[in-house]
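Residue numbers (full-length UniProt numbering): 1 to 577.
Worksheet: the structure to be examined is printed underneath.
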Amino acid sequence: MCKPIYILGTALSHDGSTCLMKDGEIIVAIEKERLSRVKHDGFNDNKTIQYCLEAEGIEYHDLSLIVEQNCYNPLFSEQLAERKNRVLPAMVPIVTISHHLAHAYSAVGTSPFDDMGVVVIDGHGGSLDNCNDIVENIDSINNIHINNRYRYWEICSYYVYQDGKMKPIFKDFSRWVNRKKRRDYPVSTWEIENSIGEFYEGIALYIFGELDCAGKLMGLAPYGRPHIIDWEPFFFDAGKVVLRNDWWVNIDPLLNTSPTHFKDNFQYYSDLAYWAQSKLEEALFYLFDYYYHLNPMKHFAYAGGVALNATANEKLINGCDFEDLYIQPAAGDNGLSIGCCYYGWLEVLKKERVRHSGSTYFGKVYGDIIVAQELEKHAESIEYHYYDDIETIAAKSIAAGDVIAWFQGASEFGPRALGNRSILADPRNSNMRDHINANVKYREDFRPFAPAVLHEKMHDYFELNHDSDYMLFIAYVKAQYQFDLPSIVHVDGSARVQTVKKEINKKFHKLITSFFAETRIPILLNTSLNTKGMPIVETPSDAINLFLSCGLDLLFIDNYKISKKKTNLIAQGRSNY
């Protein structure tokens, strides 16, 4: 029997993660934030590496190769201290690859296509002096002096993967500039001059007053009105999106100083969000069209943080010249470790690509013993019972009006809860969205919730002509069902759909099927098992602690139904809706 080939991929940016591959297939992957409980944590991978090795029951000497995505740019000197404490074995070969190349391989390795164009767009990737995907036909670097290459960072890349080979076709780099004071320059580019990702993030930061709000901005945009704001933030030139120097000067720098600025100026902010979303889409259409005509491909794969914009994605898949678009589910920097593994397998070891199953459930399975131990630890606060047919029990609870936490098996890898670390509720309840936002998630009241629909029923309820397994596309709810499903229909009639397949998640599919049998609706409201500003829960202990701290009614861990003892019921409970 041949010894298995293990490759460890690890990423050292923000949203750090580690992935373990066995014989060309991903078997374990974890984001650092899930373990540290610090949102977007990264820069040191000791915990995530140990998690992956322990999950598989191996040690460092079992590894054939380590591939890392790292950055030694002097502009990031403050992060180097965290990396000094890394523990890596001397006996295992280590290969380092650049940022966009790791994104590209993450999309290729997990995609359903054999050959494809590969697009990477984010806030910024790595600096030019760290890129190892530059070839002679990349002419965008000719005017950048070799001594300044550490100041120019990749923002958009286009590759073609064909006949088992990755070929860079086009790369755009932009200059790193000194950070401006946000009070004086409220939405100017954060660090990179011509990044559409940072343009969008800058608008989100201005509106919400904090980082990591691009998803909120996308959710706010449908409340806005077209043609209210008509500024042109960028122009297009030879495959590049160039931000105008003064694009932000019409925005009031004092508007976001009041504690109630958001509510006081909701319509203005909504109009601004609508404008930012439309301009992002305009730029993306230009880039995808330019790349397609540089080297046309029937299929496209897409990664990078901008690829998480589901509204734009739906327009791209329906409006571009290619036939199909695959988006890597962990499209942000958390997915870099996946790309590292595939680079090691395909490029370093020169192995044949193994077709990916489509699953994102890469976490460890905690098992009956650990679950039972955690339940016993919290016995003073909870009651619990074991059921063989837990899906039927959960479906009946949801149909009766309960908001439940659903914790099953291995955790999802990436930003979306896809049925193993989810909060679930009845989409028919018109009060459910406001209740969950206020009393469970503790977040803004305008934010929508996603529907999880049985794949075989998706065409009955949604205007959708393709699968949406990872909540990365927007679909419109058919008019005849918008009144019946108020808690998953956004203000413009849209929804960020998850299509649930039995072969990908049997237990979640069975739960929705049981709810369908109970209500004749094959859809559940699905949102991530966390509260505002916190990572999705990873362990049974995380889930129980969250359950006891918010207005969830029930918690289901594997086949256990868990309720709060009456002395621990909290004020945010069901009595308010």
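Yeah, the Cβ is synthetic: ideal placement off N, Cα and C, and Gly gets one too.
As the structure is a prediction and not an experimental result, all values here were calculated from the model.
For residue i, which residues from the same chain have a beta carbon less than 6 Å from its beta carbon, with the 5 sequence-adjacent residues on both sides left out?
i: TYR343; result: VAL67, ILE97, TYR105
i: ALA55; result: VAL28, LYS364
i: HIS299; result: PHE113, MET116, ASP324
i: ALA310; result: LEU472, PHE473, ILE474, ARG496
i: TYR158; result: VAL119, ILE169, PHE170, TYR291
i: ILE49; result: THR18
i: ILE144; result: TYR152
Just verifying my parser: in three-state terms, what is the DSSP assignment at residue i?
i: TRP406; result: strand
i: LYS263; result: helix
i: SER127; result: strand
i: TYR386; result: strand
i: ILE562; result: strand
i: VAL67; result: strand
i: TRP345; result: helix
i: residue 626; result: Because residue 626 is not part of the residues shown, which for the chain are 1 to 577, the question remains open.
i: THR513; result: helix
i: GLU520; result: The residue asked about is misnamed: residue 520 is Arg in this sequence, not Glu. Residue state, collapsed to three classes: coil.
i: PRO451; result: strand
i: THR10; result: strand
i: GLU31; result: strand
i: GLU503; result: coil
i: LYS364; result: coil
i: ALA283; result: helix
i: LYS350; result: coil
What residues in its chain sit with their C-beta under 7 Å from that of residue i, if we drop five residues either side in the sequence?
i: ILE557; result: VAL371, PHE407, PRO540, ALA543
i: ALA204; result: CYS213, ALA214, LYS216, LEU217
i: GLU374; result: PRO540, SER541, ILE544
i: ASP41; result: GLY16, LYS32, GLU33
At what residues does the alpha helix (DSSP H) containing residue i begin and finish?
i: CYS156; result: Careful: CYS156 lies outside any alpha helix (DSSP H), inside the beta strand (DSSP E) at 152 to 162.
i: GLY377; result: According to the sequence displayed, residue 377 carries Lys and not Gly. Taken as a continuous stretch (DSSP letters only), the alpha helix (DSSP H) holding LYS377 covers 367 to 377.
i: ILE49; result: 46 to 56
i: LEU424; result: Note, LEU424: premise wrong, no alpha helix (DSSP H); beta strand (DSSP E) at 421 to 425.
Considering Cα atoms alone, identify which of the options is closest to residue i.
i: PRO93; options: VAL118, ASN70, SER64; result: SER64
i: ASN429; options: ILE488, ALA395, ASP460; result: ILE488
i: CYS2; options: GLU56, ALA11, PHE43, ASP62; result: ASP62
i: PRO296; options: PHE322, ASP172, VAL95; result: PHE322
i: LEU101; options: GLU281, VAL87, VAL120; result: VAL120
i: HIS14; options: GLY551, SER337, TRP153, PHE473; result: SER337
i: VAL453; options: ASN70, ALA399, LEU524, TYR158; result: LEU524
i: TYR274; options: ASN250, GLY224, LYS263; result: GLY224
i: VAL95; options: ASN178, ALA394, GLN69, PHE288; result: GLN69
i: GLY367; options: CYS340, ALA410, PRO329, GLY551; result: ALA410
i: ILE228; options: ALA276, ARG447, ALA107; result: ALA276
Please report the straight-line C-alpha distance between residue i and residue j, rounded to a whole angstrom.
i: ILE404; j: TYR292; result: 45 Å
i: PRO535; j: GLU33; result: 6 Å
i: LYS566; j: MET166; result: 59 Å
i: TYR302; j: GLY197; result: 14 Å
i: SER549; j: ARG416; result: 22 Å
i: PRO233; j: ASP246; result: 8 Å
i: GLY209; j: ASN265; result: 13 Å
i: GLN267; j: ALA221; result: 10 Å
i: ASP129; j: ILE169; result: 18 Å
i: HIS490; j: PRO427; result: 12 Å
i: MET23; j: PHE362; result: For the sequence presented, residue 23 should be read as Asp rather than Met. Their backbone Cα atoms lie some 15 Å apart in a straight line.
i: LYS279; j: GLY319; result: 16 Å
i: ASP460; j: ASN526; result: 19 Å
i: PHE285; j: ASP122; result: 15 Å
i: ASP469; j: GLU383; result: 34 Å
i: TYR206; j: ARG244; result: 18 Å
i: GLY125; j: TRP153; result: 6 Å
i: ARG175; j: ILE26; result: 36 Å
i: LYS39; j: ASP45; result: 15 Å
i: ASP333; j: ARG151; result: 20 Å
i: ASN437; j: ASP445; result: 6 Å
i: ALA400; j: ALA331; result: 36 Å
i: LEU8; j: LEU485; result: 44 Å
i: SER36; j: PRO4; result: 30 Å
In terms of residue numbering, what span does the beta strand (DSSP E) encompassing residue i cover?
i: residue 579; result: Nothing about residue 579 can be read from this structure; the chain reaches only from 1 to 577.
i: TYR476; result: 474 to 477
i: ARG496; result: 494 to 496
i: residue 581; result: The structure shown does not extend to residue 581, since the chain is modelled only from 1 through 577, so no value can be given for it.
i: ASP172; result: 165 to 175
i: PHE234; result: 234 to 237
i: ILE144; result: Careful: ILE144 lies outside any beta strand (DSSP E) and carries neither H nor E.
Using a Cβ-Cβ cut-off of 8 Å (strictly less than) and excluding sequence neighbours within five positions of residue i, which residues of its own chain qualify?
i: GLY493; result: TYR476, VAL477, ALA479, GLN482
i: ASN559; result: TYR386, TYR387, ASP388, ILE390
i: ASN85; result: ASN44, ASN46
i: LYS532; result: LYS441, TYR442, ARG443
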